[in-house]
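J.: Going line by line, the protein sequences match chains A and B.
Count along the first sequence from 1, add 17, and you get the number used in our numbering.
Count along the second sequence from 1, add 36, and you get the number used in our numbering.
Glycine included, each C-beta is placed from N, C-alpha and C at the ideal position.
Just so it is clear, the structure is predicted and the values come from calculations on it, not from any experiment.
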Amino acid sequence: MKSIGIEKINIYGCSLFLKQEELAKARGKDPERVVNDYLINTRSLNPPYEDTVTMGANAARPIITEKDKKDIELLIAGTEGSVDFGKPISTNIHSALGLPNNIRNYETKHACYSGVAALDSAINWIAAGLNKGKKALIIATDFSRAHFGKDHEFVLGGTAAAVLVSEDPRIIEYEIDKKGVWTTDVYDTFRPSARHESGNNEVSLYSYIDALEGAYKHYLQNAGEPVDFDTYFDYNIYHMPFPGMSFQAHRILCNLSHPRKKSEIRESFDKKVLPSLRYAMRVGSTYGASNFVGLCGLLQSVDKINEGSRIGFFSYGSGAIGEFYSARVCKGAKTLINELDIDKKFDMRREVSVDEYEMIERTRESYIEKENFKPDFSILDSWYDKHYKGNGFLVLKEVKDFYRKYEWS
Amino acid sequence: MDKAKIIEVIKKHILENLEDLKEEDIDPKKSMKDYGANSLDIIEVVSCSMRELNIKIPRSELTDIQNIDQLADKFLQYV
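(1) Could you give the DSSP three-state label for residue 302 of chain A: helix, strand or coil?
(2) Would you list, in sequence order, the uninterrupted alpha helix (DSSP H) runs of no fewer than 4 residues that lie entirely inside the stretch 344-387 of chain A?
(3) Please find out if some non-hydrogen atom of the ligand NAP comes closer than 7 Å to the beta-carbon of residue 41 of chain B.
(4) Below 8 Å CB to CB, which residues in the same chain sit around residue 194 of chain A once its five sequence neighbours on both sides are set aside?
(5) Since residue 75 of chain B meets chain A, which of its residues come closer than 9 Å, beta carbon to beta carbon?
(6) Can you tell me whether residue 129 of chain A is helix, strand or coil according to DSSP?
(7) Please classify residue 82 of chain B as buried or exposed, where buried requires at least 16 other C-beta atoms within 10 Å of its C-beta.
(8) Kindly list, in the order they appear in chain A, the residues whose Cβ is closer than 8 Å to that of residue 85 of chain B.
(9) Using a cut-off of 7 Å between C-beta atoms, extract the partners of residue 79 of chain B located in chain A.
(10) DSSP state of residue 341 of chain A, grouped into three classes?
(11) Three-state secondary structure (DSSP) at residue 411 of chain A?
(12) Under a CB-based cut-off of 8 Å, is residue 268 of chain A close to chain B?
(13) Could you round the C-beta distance between residue 159 of chain A and residue 305 of chain A to whole angstroms and report it? I think they count as a contact, below 8 Å.
(14) Indicate the three-state DSSP secondary structure (helix, strand or coil) for residue 215 of chain A in the structure shown.
(15) If you draw a straight line from the C-alpha of residue 425 of chain A to the C-alpha of residue 120 of chain A, how long is it?
(16) Roughly how many whole angstroms lie between the Cα atoms of residue 130 of chain A and residue 101 of chain A?
(17) Measuring CB atoms only, is the stretch 308-315 of chain A touching the stretch 249-257 of chain A, in the sense that at least three cross pairs come out at less than 8 Å?
(18) Taking only beta-carbon positions, decide if residue 96 of chain B is within less than 8 Å of chain A.
(19) By the three-class DSSP mapping on this structure, what secondary structure does residue 44 of chain A have?
(20) Whose CA, out of A:176, A:392, A:395, A:365, lies closest to the CA of residue 408 of chain A?
(21) Measuring straight from C-alpha to C-alpha, what distance separates residue 220 of chain A and residue 205 of chain A?
(22) Determine the closest residue to residue 182 of chain A out of A:411, A:81, A:331, with distance taken between C-alpha atoms.
(23) Flag this pair as touching only if the stretch 176-192 of chain A and the stretch 151-165 of chain A have three or more C-beta atom pairs under 8 Å; answer yes or no.
(24) If the criterion is Cβ atoms closer than 8 Å, does the pair residue 229 of chain A and residue 330 of chain A meet it?
(25) Going by DSSP, which residues form a beta bridge with residue 327 of chain A?
(26) Spatial neighbours of residue 295 of chain A within its chain, please: C-beta separation below 7 Å, excluding the five flanking residues on both sides.
(27) Below 7 Å on C-beta distance, what does residue 55 of chain B contact in chain A?
(28) Give me the Cβ distance between residue 381 of chain A and residue 117 of chain A, rounded to the nearest whole Å; I'm assuming they're in contact under 8 Å.
(29) Cutting at 8 Å between CB atoms, please list the residues of its own chain near residue 140 of chain A, excluding the five before and the five after it.
(30) Is the CB of residue 52 of chain B under 8 Å away from at least one CB in chain A?
(31) Can you tell me whether residue 259 of chain A is buried or exposed? The criterion is at least 16 other CB atoms within 10 Å of its CB, across all chains shown.
(32) Between residue 369 of chain A and residue 33 of chain A, is the Cβ-Cβ spacing less than 8 Å?
(33) For the stretch 272-302 of chain A, which residues have a CB atom closer than 7 Å to at least one CB atom of chain B, in sequence order?
(34) Is the beta carbon of residue 132 of chain A closer than 8 Å to that of residue 44 of chain A?
(35) Within the continuous alpha helix (DSSP H) that includes residue 421 of chain A, where are the two ends?
(36) Is the separation between the beta-carbon of residue 55 of chain A and that of residue 198 of chain A shorter than 8 Å?
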């Protein structure tokens with residue numbers, strides 16, 4: 018069978034962050050409880066001159082070389098935060114990156130599953146041999162809408178991932194014949210308009226668990242060999258609507274294998290799952306980029322990761338779908354992740370106060386569906402001049418008669 | 037299976053998931069939240085109880101339940 022996997026990967030954690038404890042204090046909640054329940058230390062945030070297009074491009078630019086551009090023939094962008102109902106953001110990203118014309122591009126939508134939906138299409142295209150040696154660039158990009166004063170204000174965030182999928186995997190190689198999926202029709206979280214992000218948290222948690230169990234059991238049927246959960250997977254990466262959810266997900270699969278005490282599950286979680294939370298704890302909700310954010314966190318956190326280590330992945334999209342799949346770590350993967358210096362990039366983000374965060378979200382909201390506007394680049398003490406200018410980030414320069422104009426900073 | 041048995045199973049899983057609690061402390065008229073359970077603990081108790089009782093209820097049907105007694109009634113419909 019063909020070797021197919023991730024050749025290159027990068028994540029973009031936005032340029033601003035809000036401390037969860039500051040938000041908790043401002044909303045009259047116990048900061049310690051809020052941080053511990055959700056396992057979010059900071060949530061990432063962008064100025065209003067960024068959107069899902071700029072985030073996706075900003076994830077891709079540092080890793081895509083001129084040579085890669087010639088090799089890419091498939092570009093799929095997964096998002097639930099598109100900037101247009103018809104024109105896909107993959108076209109904006111295509112031009113921003115300067116990719117050639119003989120490329121198939123489109124956008125995928127399925128709440129937080131959009132990134133893995135895109136990934137699956139890329140894997141299948143290569144597995145079928147129709148790629149003829151060419152590569153796929155997968156983008157997953159999303160951020161939260163405003164939810165001032167609501168309970169789920171503590172599970173917001175935003176991030177993007179760029180993933181080059183090819184027959185020359187350097188990070189992980191997918192076990193392409195081992196996948197389990199599970200679908201149902203539920204309104205758990207959804208975006209019925211350009212402004213709303215509606216839903217019921219408890220319904221979503223229950224639906225997530227149903228999907229996890231359903232997809233994992235389907236994976237077991239398709240694995241082609243007996244799977245002992247404790248020994249088969251060296252690591253587990255779960256979809257993280259908030260990082261704390263991954264503990265519950267692991268608890269479900271541990272108990273499905275054989276019931277055990279919470280303390281034993283905690284021990285397994287600390288070893289196999291906790292390393293993948295590294296960046297998610299700084300991003301907040303990781304949306305469609307979740308599995309990729311988890312993967313970068315895992316490879317960065319584990320001191321010595323063996324070639325061939327098996328990672329079990331679970332992706333969930335509200336609405337709903339669950340997919341359980343697996344991959345093996347490639348030789349040298351950790352070195353490649355180290356070279357990205359993701360920690361340092363996260364450290365360069367600017368902290369915003371609760372007041373600044375509210376100002377940013379109100380400004381962003383005021384731009385929604387507006388025919389003409391120019392984002393204000395002077396906000397946050399001219400953060401643009403300090404962080405963006407001259408450093409090669411894509412920004413939204415102007416919207417004129419609904420045409421969006423992007424520019425590299 | 038009767039309701040008393042179902043409540044016994046639910047209590048068992050509450051005790052397994054919320055350490056430092058005694059069985060006699062649990063009043064079925066109360067919510068698990070009264071005993072310090074967060075949403076994730078409740079999901080786990082529900083999952084383990086369904087597994088032991090060998091019933092499968094779409095969890096989306098469980099979101100309006102207020103206390104342990106109501107959960108037992110719901111389970112009873114599916115036994």
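T.: From the atom records:
(1) coil
(2) 350-357, 359-364, 371-384
(3) By its list of ligands, the structure shown contains no ligand whatsoever, and the ligand NAP lies outside what it can speak to.
(4) 18, 239, 241
(5) 54, 218, 219, 222, 265
(6) strand
(7) buried
(8) What residue 85 of chain B touches in chain A: nothing, since even the nearest Cβ is about 11 Å away.
(9) 222, 223, 226, 265
(10) strand
(11) strand
(12) yes
(13) 5 Å
(14) strand
(15) 22 Å
(16) 19 Å
(17) yes
(18) yes
(19) coil
(20) A:365
(21) 5 Å
(22) A:81
(23) yes
(24) no
(25) A:345
(26) 314, 317, 318
(27) 279
(28) No, residue 381 of chain A and residue 117 of chain A are not in contact; Cβ-Cβ is about 33 Å, not under 8 Å.
(29) 21, 182, 191, 193
(30) yes
(31) buried
(32) yes
(33) 272, 276, 278, 279
(34) no
(35) Careful: residue 421 of chain A lies outside any alpha helix (DSSP H), inside the beta strand (DSSP E) at 420-425.
(36) no
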